[in-house]
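Written out as C-alpha coordinates, the structure is:
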(Lines of atoms letter the chains of each structure in order from A and count residues from 1; the text may use other names and numbers.)
(Lines give C-alpha, C1' and ligand atoms only; values in the text may rest on other atoms or scores of the structure.)
Protein backbone atom coordinates (compact mmCIF):
# COMPACT_ATOMS: atom_id res chain seq x y z
CA UNK A 1 0.00 0.00 0.00
CA UNK A 2 1.29 3.44 -0.91
CA UNK A 3 1.14 5.60 2.22
CA UNK A 4 2.39 8.76 0.52
CA UNK A 5 -1.16 10.06 0.10
CA UNK A 6 -2.01 9.78 3.80
CA UNK A 7 -2.29 13.07 5.59
CA UNK A 8 0.40 13.40 8.21
CA UNK A 9 -0.73 15.39 11.20
CA UNK A 10 2.07 17.31 12.82
CA UNK A 11 1.94 17.16 16.59
CA UNK A 12 4.58 18.62 18.83
CA UNK A 13 5.68 16.02 21.35
CA UNK A 14 3.15 13.49 20.13
CA UNK A 15 3.78 11.04 22.94
CA UNK A 16 3.26 13.63 25.67
CA UNK A 17 0.15 15.18 24.16
CA UNK A 18 -1.80 12.05 23.31
CA UNK A 19 -2.68 10.90 26.80
CA UNK A 20 -5.26 13.64 27.21
CA UNK A 21 -6.06 14.28 23.53
CA UNK A 22 -7.11 10.82 22.39
CA UNK A 23 -10.34 9.52 23.79
CA UNK A 24 -11.12 5.87 23.25
CA UNK A 25 -14.82 6.52 22.56
CA UNK A 26 -14.14 5.96 18.86
CA UNK A 27 -13.79 2.23 19.57
CA UNK A 28 -17.55 1.96 20.09
CA UNK A 29 -18.11 3.09 16.49
CA UNK A 30 -15.47 0.88 14.86
CA UNK A 31 -16.58 -1.57 12.15
CA UNK A 32 -14.43 -4.24 13.77
CA UNK A 33 -16.22 -4.00 17.12
CA UNK A 34 -17.51 -7.42 18.13
CA UNK A 35 -15.65 -9.24 15.35
CA UNK A 36 -12.93 -11.83 15.61
CA UNK A 37 -9.84 -9.65 15.79
CA UNK A 38 -7.46 -12.39 14.63
CA UNK A 39 -7.68 -11.05 11.07
CA UNK A 40 -5.96 -7.87 12.29
CA UNK A 41 -2.95 -9.86 13.51
CA UNK A 42 -2.02 -12.06 10.54
CA UNK A 43 0.88 -14.48 10.68
CA UNK A 44 4.10 -13.21 9.11
CA UNK A 45 3.90 -13.52 5.34
CA UNK A 46 0.10 -13.86 5.30
CA UNK A 47 -1.77 -11.21 3.37
CA UNK A 48 -3.79 -8.76 5.44
CA UNK A 49 -6.21 -7.67 2.73
CA UNK A 50 -9.33 -8.76 4.62
CA UNK A 51 -8.46 -6.63 7.64
CA UNK A 52 -7.61 -3.64 5.47
CA UNK A 53 -10.86 -4.07 3.54
CA UNK A 54 -12.85 -3.94 6.78
CA UNK A 55 -11.05 -0.73 7.75
CA UNK A 56 -11.49 0.90 4.35
CA UNK A 57 -14.91 2.47 4.96
CA UNK A 58 -14.78 2.63 8.76
CA UNK A 59 -15.85 6.03 10.04
CA UNK A 60 -13.24 5.98 12.82
CA UNK A 61 -10.30 4.78 10.73
CA UNK A 62 -8.31 7.98 11.35
CA UNK A 63 -8.92 7.78 15.12
CA UNK A 64 -7.81 4.17 15.14
CA UNK A 65 -4.64 5.02 13.24
CA UNK A 66 -3.82 7.92 15.57
CA UNK A 67 -4.37 5.70 18.59
CA UNK A 68 -1.99 3.07 17.21
CA UNK A 69 0.68 5.64 16.41
CA UNK A 70 0.32 7.42 19.75
CA UNK A 71 0.57 4.15 21.68
CA UNK A 72 3.31 2.79 19.42
CA UNK A 73 1.35 -0.35 18.58
CA UNK A 74 3.95 -2.64 17.08
CA UNK A 75 1.69 -5.37 15.76
CA UNK A 76 -1.45 -5.72 13.70
CA UNK A 77 -3.54 -3.66 11.34
CA UNK A 78 -4.72 -0.37 12.86
CA UNK A 79 -6.59 2.27 10.90
CA UNK A 80 -6.12 0.20 7.78
CA UNK A 81 -2.32 0.26 7.95
CA UNK A 82 0.27 -2.38 8.74
CA UNK A 83 3.14 -2.04 11.19
CA UNK A 84 5.50 -1.09 8.37
CA UNK A 85 3.13 1.58 7.03
CA UNK A 86 2.68 3.10 10.49
CA UNK A 87 6.44 3.16 11.07
CA UNK A 88 6.83 5.16 7.85
CA UNK A 89 4.31 7.74 9.09
CA UNK A 90 6.12 7.96 12.43
CA UNK A 91 9.47 8.48 10.67
CA UNK A 92 7.95 11.16 8.44
CA UNK A 93 6.49 12.96 11.46
CA UNK A 94 9.86 13.03 13.18
CA UNK A 95 11.38 14.68 10.10
CA UNK A 96 8.91 17.59 10.15
CA UNK A 97 10.09 20.42 12.43
CA UNK A 98 7.53 21.49 15.01
CA UNK A 99 6.55 25.11 15.59
CA UNK A 100 7.95 26.51 18.82
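Residue numbers (our numbering): 5 to 104.
Cβ atoms here follow ideal geometry from the backbone N, Cα and C, with glycine treated the same way.
Among the bridge pairs identified by DSSP, residue 69 is matched with none. Under DSSP, residue 82 forms a beta bridge with 85.
Classified as buried, residue 64 has 16 or more neighbouring CB atoms from the shown chains inside 10 Å of its CB. For residue 59, the three-state secondary structure derived from DSSP is helix.
By the beta-carbon neighbour count (other beta carbons within 10 angstroms, threshold 16), residue 38 is exposed.
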